[in-house]
Amino acid sequence: NRAYSRFLTVDKASARIDDGKVDEDAKFDGKYAIRTNSNLTDEEAAKAYKELWRVE
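Written out as structure tokens, the structure is:
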């Protein structure tokens, strides 16, 4: 999994976690984006998504 690498600062001797990048990314915790081609309102689309037991 390469996702963690965006939070690292690497030099020849060490790797450090960049707390600034972690904090910046944390702003999006708990948020999600939905794109649909239906005529649902934003609220209806969000509710329908939350009711899914499995995302395809």
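Numbering (the working numbering) for the sequence shown: 714 to 769. We treat Cβ as the ideally placed atom computed from N, Cα and C, and that holds for glycine. On a predicted model such as this, the values are computed, not experimentally measured, just so you know.
Inset, instruction - List the whole-angstrom C-beta distance separating PHE720 from ASP731, where the pair is believed to meet the contact cut-off of C-beta under 8 Å. - result: 6 Å
Inset, instruction - List the endpoints of the continuous alpha helix (DSSP H) containing ALA761. - result: Judged by DSSP secondary structure, ALA761 falls within the alpha helix (DSSP H) whose first and last residues are 755-763.
Legend entry - In DSSP terms, what ILE730 is bridged to: LEU721
Legend entry - When SER727, LYS725, LYS734 and TYR762 are compared against ALA746, the one with the closest alpha-carbon: Ranking the options by Cα distance to ALA746, first place goes to TYR762.
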